[in-house]
Amino acid sequence: MIRAALFAALLACLPGLAGAQTLRIGLREDPDILDPTLARTYVGRIVFAGLCDKLFDIDAGLKIVPMLATGYEWADPVTLVIHLRGDVSFQDGTKLDADAVKYSLMRHLTMQGSFRRSEINTIDHVDVVDPDTVRIVLKSPSSPFLSQLTDRAGMIVSPKAAEAAGKDFGLHPVCAGPFAFTERVANDHITAERFPGYWNAAAIHFDKVTWQTIVDPSVRVANLRAGALDLVESIVPSDVDQVKADKNLRIMTTDALGYQGITVNGANGPRANTPFGRDVRVRQAFELSLDRDAIIQVVYNGMFTPTVQAVPPLSPFYAPAIKPPARDVERAKALLKEAGVATPVKVEMLTANNGDIRQMGEVIQSMAAEAGFDVHLTNVEFASSLDQATRGDFELHLEAWSGRPDADGNLYTFLHTGGAANDGHYSNADVDSLLDQARAVSDVAQRRDLYTKMWTTLRRDLPIIYLYTPRVIEGMSAKLAGFTPVPDGLIRLTGVSLQK
Amino acid sequence: MRGGLASRLAQVIPTVILVSLLVFSLQQLMPGDPAAILAGEERGDPAVLAQIRTELYLDRSFPVQYLHWAGRALHGDLGYSWRTHQTVSSLIASKLPVTAQLALMAFAFALAIGVPAGVICAVKRDTAWDWLANGIGLAGLSTPNFWLGIMLILIVSVQLGWLPPSGYVPLAEDWRQSLATTVMPAFVLGNAIAAVLMRHTRSAMLTALDQDYVRTARAKGVGELAVILRHALRNALVPVITLAALELGTLLSGAVLTEQVFSIPGFGKLIVDAVFNRDYPVVQGVVLVTALLYVLLNLIADILYVLINPRLRVA
């Protein structure tokens, strides 16, 4: 009798157990505030991918695809009309309509401390045409604008919840994503539970998601190998072989959106007054002294792609004809002679004090020495290195950029005169004009031609010596199915499932 | 005695003020502009930087900034994290029990390993046992916490699958899981202290075993085990206990690295992340609370000494 009762109780529990699946994702650092308007960190975007849907998304080929929108059209070069799905609810049960979209865009634009403002400040005003249609009028034509709506600026928050919580909205975000926020333990984990009213609920196969912060890369991999995590968003290249050797795990990679480069201080303060700042031949000689393949082989297990461009090879704006030059020490020496500089040319290179970046600095140092450069490495903690770079307190800066889906996000602010991240104060009227023109046209082929033209000047001036395009390297349980790596490295949860 | 205690208590106030000033000044010396870090990719925009500085009082003079912060801290308001917008007091309240649990378990490990090993070394002086324990002790002292941590994760969790590799479950939620997640980090943390305790117990025991009262006890026919435990160890433990109390500092600083390796969301991880992100309110709050804890523990120790040792009461 007792046995029968126990068996019945066990059976009653089974469906719950079988359905209750949790996906555990390992993050490299703790995200900042979970408010799409105020958030800044990269890992925060990975969490948002589960919590907050966007108007548009990008796919594995960097194509813009609808998400909360069903489509869009440009009524004229400054008027974007977006059509919304009519069947979307926020996680608090309120309806997502054109008013809510206008509310979120205006919140991004006007909220104090907003980090989205600069991304979408080209908006002049937003009109609600009908409950399912929004019209965005821009101040001037901006082809990269649409791509901003594929990231945090395109996330729509519940107006009711945002009004009620004010600045504390990020402590309990309410959006229209597949999972609803439930708990956050700072420096440890964030948990979200399946939102039953999600518009694409059939594509969601987990009841719960946990994003666990594990800073140390080896410990992240150890957790994956021990089965304590199902997916790790970032595997360092040196750990890739270890993961590949484990038959229970697999690696998925794709080109990342960003780049690694060396920024030359050409005109930012007195430290620009060096042979590097004054003479392009010195920069060209420096570039020729480097073997990009060897750098990647030594530091990154050969996993990254050598490049001289700011956009990844799979970007529609990539110019395939512009390839990295082969290492040529003799030519480098000749260029230095031509420039009339005394060798060895002393130069200081600022690097962030991270293991791999420091190691790369050392490889560059020894390569450049063969051509007549005496590179002095200054390893500074990351935050301080950014500070120094902005102030112009550097000669060369080994710097990485995480990248944006649209080429403009990797170029304009770094190379345009007066650009916010133009640390070397590079200024060239032709480049400025081409960057401005590329912003004004929306045709992809036309924009690629403009950028390709710009590369001719940039390859001569070398304001930034691009080294390689990194790769997104994600490690996961072999039982995980339906996952597609996307160049932005975000973990999209639709269609992903764990096989029994 | 009351007078002494009152003056001891009076000393606490300037100490705390001095500590708070020091904590506040140290952040000013940290390289990197917090506004630029908070601005992230918008750091080149002076308007954004100015906005952040105004919002966070960073554009005021040092004394104004300090008074603003200290005034609010007096009311228990330590501000909020610039990074996550959670209040610093809630962060500290949630992390303190985690580190306390880890520290207590580490301490238990240290005592359970260090004291018996020290006694065995002393009793079996200059034998293979002594050399073995000394060797292990020396290895324990010289092994870096993070290395031992990663090795344990690889062997115990990845290869053998006995314990979870990292993470933390609160005691109240599931005590078994809680112990399972903290046993490895506690061992790593307690390991170095165990080695120190072992060395000190050994030398204290050697001195005690040479004393007249031990010889007398043996002459009276007391069993060897009773001589060691009841006569020698009891006396040898007095300096060892003082040393153990001092090692509390080592535990807290060791927790910084250990928590990082095992992803334990405690005090150490909180402060490391806060320093790297220039989350000043969190750094200030954590350092202030840690300093206050030290001051408080010292005060308690002083009172206990007076209570235990009657000779100090005269002063």
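Protein chains in written order, with this note's numbering: chain A, 1 to 500; chain B, 1001 to 1315.
Just so you know, even glycine gets a beta-carbon here, dropped at the ideal spot from N, CA and C.
Cβ pair residue i, residue j closer than 7 Å
i	j	result
A/Ala536	A/Ala371	Within the shown structure, residues of chain A are numbered from 1 to 500, placing residue 536 of chain A beyond reach of any answer.
A/Thr122	A/Leu138	yes
A/Val134	A/Ile82	yes
B/Met1198	B/Gly1137	yes
A/Phe282	A/Asp356	A small correction: the amino acid at residue 282 of chain A is Val; Phe does not occupy that position in the sequence shown. Contact: no.
A/Ile190	A/Val78	no
A/Asn187	B/Pro1265	yes
A/Asp291	A/Arg327	yes
A/Leu450	A/Leu462	no
A/Ile501	A/Leu396	Coverage of chain A is limited to positions 1 through 500, which leaves residue 501 of chain A absent and any answer about it impossible.
A/Ser218	B/Ile1155	no
B/Val1188	B/Thr1015	no
A/Arg24	A/Leu229	yes
A/Trp401	A/Tyr259	yes
B/Ala1122	B/Leu1237	no
B/Ala1217	B/His1231	yes
Secondary structure of residue i, DSSP reduced to three states
i	result
A/Pro178	coil
B/Trp1147	helix
B/His1075	coil
A/Ala9	Only weak support is given to the placement of A/Ala9: the predicted model assigns it a pLDDT of 45, under 50, and the value that follows is read from those uncertain coordinates. A/Ala9: helix per DSSP, three-state reduction.
A/Tyr318	coil
A/Gly19	Confidence at A/Gly19 is low in this model, with a pLDDT of 48, below 50, so the placement of that residue is unreliable and no value is reported for it.
A/Gly26	strand
A/Ala98	helix
A/Met1	Model confidence at A/Met1 stands at a pLDDT of 41, short of 50, so the residue's coordinates are unreliable; what they give is reported in the following sentence. Coil, per DSSP.
A/Asn248	coil
A/Asn379	strand
B/Trp1069	helix
B/Trp1162	coil
A/Trp199	coil
A/Met111	coil
A/Pro144	coil
A/Glu330	helix
B/Tyr1168	coil
A/Ile491	coil
For residue j and residue i, the rounded distance between their alpha carbons
i	j	result
A/Gly227	B/Ala1172	24 Å
A/Arg194	A/Cys52	12 Å
B/Ala1073	A/Trp211	33 Å
A/Met67	A/Asp59	11 Å
A/Arg152	A/Asp387	25 Å
A/Ala256	A/Glu474	11 Å
A/Asp76	A/Asp408	21 Å
B/Phe1107	A/Ala272	55 Å
B/Val1088	A/Asp32	14 Å
A/Thr413	B/Thr1182	47 Å
B/Ser1157	B/Ile1120	31 Å
A/Leu377	A/Leu350	6 Å
A/Gly86	A/Asn354	48 Å
A/Ala180	A/Thr22	14 Å
A/Met454	A/Asp432	9 Å
A/Glu29	A/Ile214	7 Å
B/Gly1076	A/Ser118	36 Å
Residue i CB to nearest heavy atom of the ligand ADP below 6 Å
i	result
A/Lys337	Although the ligand ADP was asked about, the structure shown includes no ligands whatsoever.
DSSP bridge partner residues for residue i (one or two, in chain order)
i	result
B/Thr1242	Paired residue(s): none; B/Thr1242 is not in a bridge.
A/Thr254	A/Val472
A/Thr263	A/His397 and A/Ile464
A/Ser497	A/Ala481
A/Gly71	A/His83
B/Arg1230	Answer is none; B/Arg1230 lacks a bridge partner.
A/Met349	A/Leu377 and A/Leu396
- [ ] Give, in chain order, every residue of the stretch 1142 to 1164 of chain B whose Cβ lies closer than 7 Å to some Cβ of chain A.
- [x] Against chain A - using a Cβ distance shorter than 7 Å - the residues of the stretch 1142 to 1164 of chain B are Ile1150, Ile1153, Leu1154, Ser1157, Val1158, Gly1161 and Pro1164.
Task: Members of the stretch 347 to 369 of chain A that neighbour chain B once the beta carbon cut-off is set at 8 Å - done: none
- [ ] Taking only beta carbons into account, state which residues of the stretch 1283 to 1299 of chain B come closer than 9 Å to chain A, listed in chain order.
- [x] Per Cβ criterion, the list is empty.
- [ ] Anything in the stretch 251 to 278 of chain A with a Cβ closer than 7 Å to a Cβ of chain B? List those residues in chain order, please.
- [x] none
- [ ] Compile a chain-ordered list of the residues in the stretch 1169 to 1190 of chain B whose CB is closer than 8 Å to at least one CB of chain A.
- [x] Those residues of the stretch 1169 to 1190 of chain B that come within reach of chain A (Cβ to Cβ, closer than 8 Å) do not exist; the list is empty.
Open item on the list: Give me the subset of the stretch 369 to 393 of chain A whose CB atoms are less than 8 Å from a CB atom of chain B, sorted by chain position.
Closed with: Val380, Glu381, Phe382, Ala383, Ser384, Leu386, Asp387 and Thr390
Task: Where the stretch 173 to 199 of chain A meets chain B: residues whose CB sits under 9 Å from a CB there - done: Listed by position, the residues of the stretch 173 to 199 of chain A near chain B (Cβ gap below 9 Å) are Arg184, Val185, Ala186, Asn187, Asp188 and His189.
- [ ] Taking only beta carbons into account, state which residues of the stretch 205 to 227 of chain A come closer than 7 Å to chain B, listed in chain order.
- [x] Gln212, Thr213, Ile214, Val215, Asp216, Ser218, Val219, Ala222, Asn223, Arg225 and Ala226
Open item on the list: If the cut-off is 8 Å on Cβ atoms, which residues from the stretch 144 to 173 of chain A count as contacting chain B, listed in chain order?
Closed with: Lys167, Asp168, Gly170 and Leu171
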